[in-house]
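Structure first, then comments.
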Amino acid sequence: MIFNKLSRRFLVIVTGLASMVSMSAAHAEYALNMTKGVTPISQQQYGLHMLVFWICVVIGALVFGAMAWSIIYHRKSKGAVAANFHESTTVEIIWTVVPLLILIGIAIPATATLLDLEDAKTDADITLQVTGIQWKWKYTYVDEDVSFISSLAQSSRDVVNDPTGNENYLLEVDEPVVLPINKKVRFLFHSSDVIHAWWVPALGVKQDSIPGFINDSWATIEKPGIYRGQCAELCGKDHGFMPIVVNAVTEAEYQQWLVSKKEEAAAAAASAEQEWSMKDLLARGETVYQANCSACHGPTGAGIPGAFPAMTGSPIVLGDAAGHIDIILNGKAGTAMAAFKGQLNDVDIAAVVTYERNALGNSVGDLVQPSAIKNAR
Amino acid sequence: MYTDTAHDAAHGEHHDHGPAKGLMRWVTTTNHKDIGTLYLWLAFTMLLYGGSMAMIIRLELFQPGLQWVEPHFFNQMTTMHGLVMVFGAIMPAFVGLANWLIPIMIGAPDMALPRMNNWSFWILPFAFTILASTTFMEGGAPAFGWTFYAPLSTTFAPDTTDFFIFAVHLMGISSVMGAINVIATILNMRAPGMTLMKMPLFVWTWLITAYLLIAVMPVLAGAVTMMLTDRHFGTSFFDAAGGGDPVMFQHIFWFFGHPEVYIMILPAFGVISAIIPTFARKPLFGYSSMVYATASIAILSFMVWAHHMFTVGMPVAGELYFMYATILISVPTGVKVFNWVTTMWKGSMTFETPMLWALGFIVMFTIGGLSGLMLGVAPVDTQYHDTYFVVAHFHYVLVTGALYSIIAAFYYWVPKWTGHMYDEKLGKIHFWWSTISVNVLFFPQHFVGLAGMPRRIPDYSLQFAEFNMISSIGGFAFGLAQIFFLYIVIKTIRGGVKATDRVWEGATGLEFEQLPSPPPYHSFTEAPTVK
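Protein chains in written order, with the working numbering: chain S, 1010 to 1386; chain R, -14 to 516.
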C-alpha cells in the first residue's frame, strides 16, 4: 500500500517535470546549457563541461539507483530483516581508488585546456585593454590610438519598469567593442575603482579586472557575429547594468571601423577649441550627467543619503568653479568619487560642470568652457 | 519548552535543582539543555529573518524589470541574506544541537565551561541586532555581498560598514568560545569507557568542526580588522593606491571561507550518520573510515581556498594545484555517501519523518557535491564562476544539505528533548512540501547559470525570465513550508503523544538507552557505564 502511495507521488513529480521540459522545448531561446561559443577555448570548455557532467550523471545514477533499490526492497514493511555487516576493507578500498582514477581521467584534459587558456601572450595579433569602471567599460586599442567608453544602452535604461518585448534588454550598449575574426586578441584587464569581471560566454573569457593589477586572457573568434556578456563580479549598485557587446567582423570591416573611430576623435578634439553657448552646454551636460553621474548622485541630483552626496545644494557645486572641476577631473581619494579625466573629454566635463551648476535645483549662473578644462588638466 | 521537565524536577527538589522561574532562567542559565534551546530558537528566528530577505530577492526576480526594490536595496538583501543564514541560522543551529546532544551522548553532566557557554550564546542576539539595525541607518545595510570583497567593502562602502565589522567580531568571539567549550567537553568529560572510537559520529564531526572554528574564525577577525584600519586609520592593506593588494583580501577571506563551508556541513554528516542506521536497523557501515574521511576533509579544507578565485588571475601553477586539491575532496566526501548507502543496503528500513529528511539530504547533497566537482575543474569554472550555477550549487549543499540535516535532527531528537512525539503526518507533509518546492526553487538556477546569468543582479535579460519565475514560485512555497514548520515545532513542544525513552525502535546511544524522555534538567550527574 505504501508502495502504491509512493508510485502515485512519483507520477505527480514526473508529470510536473514533463510539463516543465515541454514548456522549455516550446521556447527554444530559453537556453538550458552552456554555450559552445565561437573560440577554440570556449569549445574546449564546453567539451570538458559535458564530459564531467556525464560522469556526474553516471555516478549519480549508480548511487541513487542503489539507494532506490534498498528503499524499495529492503524495507521493513516488505519483511526485510536487517543484515549485520558494517565493514569491508575491500569494498572501501575499491570506492576510494575508483573515484581517484576517474579524477585523474578528468584532470588530464582539464590541465591541457587550462594551459591553453592561460597562454595569452604567445603570438597575439591585437591587444585590447579593458578597464572596469563603476558601471561601464573602457576599451583601449593599445596599438591603434583608439579608446572609448561603453555603457548600458539608453534603450534598456528607458524600459526598466517594463522591459517586455525589449530584445537584448540589459545586454545592449551604446558603443560595442569591434574585433576582427580569426585574429588572436589579447585582453588586458584593469580597474579604476572596485573589482569587476569581464565575461562573454561565447568567447570563453571571464577575468577579473582589479585595481592595481593587470590580468590577461585571450580569444580567437572564429565566426562573425554579435556576442553579449555582463559584468560577473559584484561591483556595487549598478553591477547588473554594465553589459558587454562584442561585434566580431572581418578584417576589412575592422580596419574601416578603426578609421571612422579616429575621425570621430579628431572631430571631438576640434569641437573642444570652440566657444560653447549655455544652451548647448546644458543640453550636452544633461546627457553626460545621466550617463556618468546619475547612478550615484541620482537623476535629479538627490544622491543616496549616507552613501552618495546630493548634487542639489552641494557646497562643491555651489562653490568656486575651479574646485568643482578639480573633483571631477581627479576624483576624491578614499571615496567612491572617481577621477573622470581619463573617461570624459574637455567638452563633456565643461558641459557637465555647467549643467550641475545650473540645473538639478542649482543656479550658480556661470558657464564653463572646454578651454577651462584643458587648462585645469 | 519545559513544562514537563519542571514538573518532573519538582519531584526531586531535595537533591536536584530545577530550572529557575521566569525570564531570568534563560538570561542566567548555565544549563546545556537551556542554552541548546536558546541557540535553536535564535537559529529559527534568523532562518525566518534571512528567509524573508530571500523572499524579497525572489519577488524582485519574479519577472524582468525593476518592480519592487532599488538595486542598492537589492544588494543589501543578498548580502544580509547570506550573512544571516550563514552566521545566524546554520552555525547557531549546529551549536544548539551540540549543546543539547554532546553531553547526553558522551555521558557528561553538562558542558565543560557552562558560564562561558551562557556568554557565547548571549553575545549573538546583540551581534545580530547591531547587524540588522544598519538596514534602518543612512547608507543602509552592507551591500557588498556576504564575501565583502575589498575595495567595495572598504573605500567604497558606507559608514554603516563599521557596525558590520563589529557584529562580525562578536560572532567570531561567540563561535570560538563555543568551539573551545565543545573541545573541552569532548576531551575531558566522556563517561568511563566512552573511548574516542566509540563516540557517536555527531560528536566526532563536532570535535573536528570545533578545531576548524578555532583555526579560521580569528582569520576572519583579522580580515575585518584590516578593513577597519584601512577605513579609518590610514593603512592600505587592500588599497592598491597605497601599495596594498585587493586580491590578498580574497585569499584571507577564503582561507576562512572554505573551512567555513565544512564547519557548516561536517556536523550534518554526524546527524545523518546517526539517523540512517536507526531507521535501517543496521549499524553504520565503515564507522572508522567515516572518522578518517571527516578528518581528511577537514585537513583538505585548508588547502583548497583559492578555487573560489579561479578568475582573479593566479599563476597557472597555482590554478593547477588548487584544481587538483579541490577535486580530490570529492574522494572522502564520496566515501561518506557510499557508506550511508551501504548502511541502508540489506537493512530493514522504515520511513519516519527524520529518515525522510535524511534521505532527502543524501540525494540532494550528492547533487550539490557533483556540481561542486564540476566547479572544481578550473578551465570550465571560467564559465561557471559567479553565475547562478554557483548559486544553485551552494544552495543544494547548504539548504538541502546543512538545513535538511538540522531539520532531520529536530524530528529525530525532539521526542527525546520534550518527551512528545511530533505529529507524523504533519512532519511528512512538511518534508514533501519542502522537497518538491526546494527543487523547483534551485534546480532551474543551474540552467540560467549555464545559460549566462550572473549572480547578485537585481534584474536580468528576457531569456532568463521563465526559469526565474519558476524559481520564485518554488521559493515562495519553500518559505511558506518553513512557517508550517514553526507550527509543527510549537505544537510538539506544547503536547503530543508521550515518547518512549528509546523513542525509535532502532535507536542506539546513551541518550536513548540510558535517559528518560525528556531527560531530567540535570542528566548524568553520575557517570553512566558504557559497554
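Think of the CB as a built atom: it goes at the ideal place given N, C-alpha and C, for glycine as much as any other residue.
In this text the structure is predicted, and so the values were computed from the model without any measurement.
Under the Cβ criterion (8 angstroms, minimum of three pairs), the region 380 to 387 of chain R counts as touching the region 413 to 433 of chain R.
Among the bridge pairs identified by DSSP, Lys1192/S is matched with none. Less than 8 angstroms divides the Cβ of Phe509/R from the Cβ of Pro94/R. When beta bridges are read from the DSSP output, Lys1145/S appears opposite Ile1142/S. Of the residues assessed, Lys183/R falls on the exposed side of the cut-off, its CB having fewer than 16 other CB atoms within 10 angstroms.
Between the region 1327 to 1346 of chain S and the region 1280 to 1294 of chain S there are fewer than three inter-stretch CB-CB distances shorter than 8 angstroms, so the stretches are not counted as touching. Per DSSP, the beta bridge partners of Val1214/S are Val1209/S. Exclusion of the five residues before and after Pro1049/S leaves Asp1125, Thr1229, Glu1231 as the residues of its chain whose Cβ lies within less than 8 angstroms of its Cβ. Val433/R is a Cβ neighbour of Phe449/R, given a cutoff of 8 angstroms. Non-local beta-carbon contacts of Ala1319/S in its own chain, meaning distances under 8 angstroms to residues more than five positions away in sequence, involve His1306, Gly1307, Gly1310, Ala1311, Gly1312 in chain order. For the options Leu98/R, Thr214/R, Ser456/R, Ser333/R, the alpha carbon positioned closest to that of Met162/R is the one of Leu98/R. The region 1128 to 1148 of chain S makes contact with the region 1249 to 1258 of chain S; the number of CB pairs closer than 8 angstroms reaches 3 or more. Going by DSSP, Asn1256/S is part of the beta strand (DSSP E) stretching over 1252 to 1258. Close to chain R, meaning a Cβ-Cβ distance shorter than 7 angstroms, are the following residues of the region 1115 to 1132 of chain S: Ile1115, Ala1116, Ala1119, Thr1120, Thr1122, Leu1123, Leu1124, Leu1126, Glu1127.
Residue contact check for Ser286/R against chain S: no CB pair falls below 8 angstroms.
Between the region 275 to 292 of chain R and the region 192 to 201 of chain R there are three or more inter-stretch CB-CB distances shorter than 8 angstroms, so the stretches are counted as touching.
Residue contact check for Ser1079/S against chain R: a CB pair falls below 8 angstroms. Spatial neighbours of Asn1256/S in its own chain (CB-CB distance under 6 angstroms, excluding positions within 5 residues in sequence) are listed in chain order as Pro1185, Val1187, Ile1235.
Going by C-alpha positions, Gln1265/S is about 59 angstroms away from Ser419/R. Among the residues of chain R, those whose CB is under 8 angstroms from the CB of Ala1345/S are Thr140, Phe141, following chain order. By DSSP's assignment, Arg1237/S forms a beta bridge with Val1254/S.
Closest by C-alpha distance to Gly73/R, out of Ala28/R, Val54/R, Asn102/R, is Ala28/R. Taking a cut-off of 8 angstroms on C-beta distances, the region 1341 to 1354 of chain S does not touch the region 150 to 169 of chain R, as fewer than three cross pairs fall below it. In the displayed model, Leu1110/S falls within a helix according to three-state DSSP.
Listed along the chain, the chain S residues whose CB falls inside 7 angstroms of the CB of Pro231/R are Ile1204, Ile1219, Pro1220, Gly1221.
By the criterion of at least three beta-carbon pairs nearer than 8 angstroms, the region 1148 to 1160 of chain S is not in contact with the region 1096 to 1104 of chain S.
In the DSSP annotation of this structure, Trp1227/S is not part of any alpha helix (DSSP H); the continuous beta strand (DSSP E) holding it starts and ends at 1224 to 1229. Residue-level contact by beta carbon fails for Asp1152/S and chain R, as no gap is shorter than 8 angstroms. In the structure shown, Ser1159/S falls within a strand segment according to DSSP collapsed to helix, strand and coil. Residue contact check for Tyr1178/S against chain R: a CB pair falls below 8 angstroms. By the 16-neighbour rule on beta-carbons within 10 angstroms, Met359/R is buried.
About 5 angstroms separates the Cβ atoms of Thr119/R and Phe148/R, confirming a contact at the 8 angstroms cut-off. Annotation for Met1076/S: the continuous alpha helix (DSSP H) segment containing it runs 1049 to 1082. The beta carbon of Ser159/R sits closer than 6 angstroms to the beta carbons of Ser105, Ile108, Leu109 from its chain, once the five residues preceding and following it are set aside; these are given in chain order. Judged by beta-carbon spacing, Gly494/R lies within the 8 angstroms limit of Pro185/R, meaning their Cβ atoms are closer than that value.
Classified as buried, His292/R has 16 or more neighbouring CB atoms from the shown chains inside 10 Å of its CB.
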